[in-house]
Structures are given as structure tokens and as C-alpha cells.
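Below is one structure, written out as C-alpha cells; the observations come after it.
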Amino acid sequence: MKRQLSALEKQAADALRRARRLPVGAARNDLRQLAMGLLWLHRNGMDALMKQRPTSQLPSDGEGVGQ
Numbered sequence: 282m283k284r285q286l287s288a289l290e291k292q293a294a295d296a297l298r299r300a301r302r303l304p305v306g307a308a309r310n311d312l313r314q315l316a317m318g319l320l321w322l323h324r325n326g327m328d329a330l331m332k333q334r335p336t337s338q339l340p341s342d343g344e345g346v347g348q
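For what it's worth, my numbering labels the leading residue of the sequence shown as 282, then goes sequentially.
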């Protein structure tokens with residue numbers, strides 16, 4: 282029985298398929314990095330992403346929102 286892929290996994294698989302069709306170079310590498318980032322986000326979740334960011338960059342009390 283096959284398990285259903287999440288939306289992030291589907292996007293990563295699509296990016297890797299598109300990268301395979303491209304010649305070696307920057308565009309191919311960009312798509313591969315995008316796919317790896319999507320898989321990382323799927324595995325680790327948004328909480329891990331927010332923990333990696335320095336708190337000094339996060340807006341506090343609505344600062345920077347809508348500007």
C-alpha cells in the first residue's frame with residue numbers, strides 16, 4: 282500500500298524532475314536546492330525553521346508589518 286505524498290513532497294519531486302531535464306549548471310543547482318529545502322521543511326516543520334532564525338530579526342508588536 283502506497284502512502285500519500287504531502288504537498289511539499291510533491292513539489293520537491295516535481296522540482297527534482299525538472300532539474301534532471303536541465304544541463305549541468307546554475308539553474309539545475311537552484312532547482313535541486315529548492316527541492317532539498319522543501320524536503321527539509323517537510324521533515325522538520327515550520328517550528329524548526331523559526332527556531333533557526335535569530336530573534337533580533339523578528340518583528341515585535343507589529344513593527345514592520347505592512348510597511
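Ideal Cβ positions, reconstructed from N, Cα and C, are used throughout, including at glycine.
Excluding sequence positions up to five away, which residues of its chain have a Cβ less than 6 angstroms from the Cβ of residue i?
| i | result |
| --- | --- |
| Ala293 | Ala316, Leu319 and Leu320 |
Whole angstroms are fine: how far does the CA of residue j sit from the CA of residue i?
| i | j | result |
| --- | --- | --- |
| Ala329 | Ala288 | 18 angstroms |
| Lys283 | Arg299 | 23 angstroms |
| His323 | Arg302 | 24 angstroms |
| Leu286 | Gly326 | 15 angstroms |
If you count every other CB in all the chains shown that lies within 10 Å of the CB of residue i, and 16 or more means buried, which is it?
| i | result |
| --- | --- |
| Ala296 | buried |
| Leu312 | buried |
Check residue i in the structure and name its three-state DSSP category.
| i | result |
| --- | --- |
| Leu286 | coil |
| Arg334 | coil |
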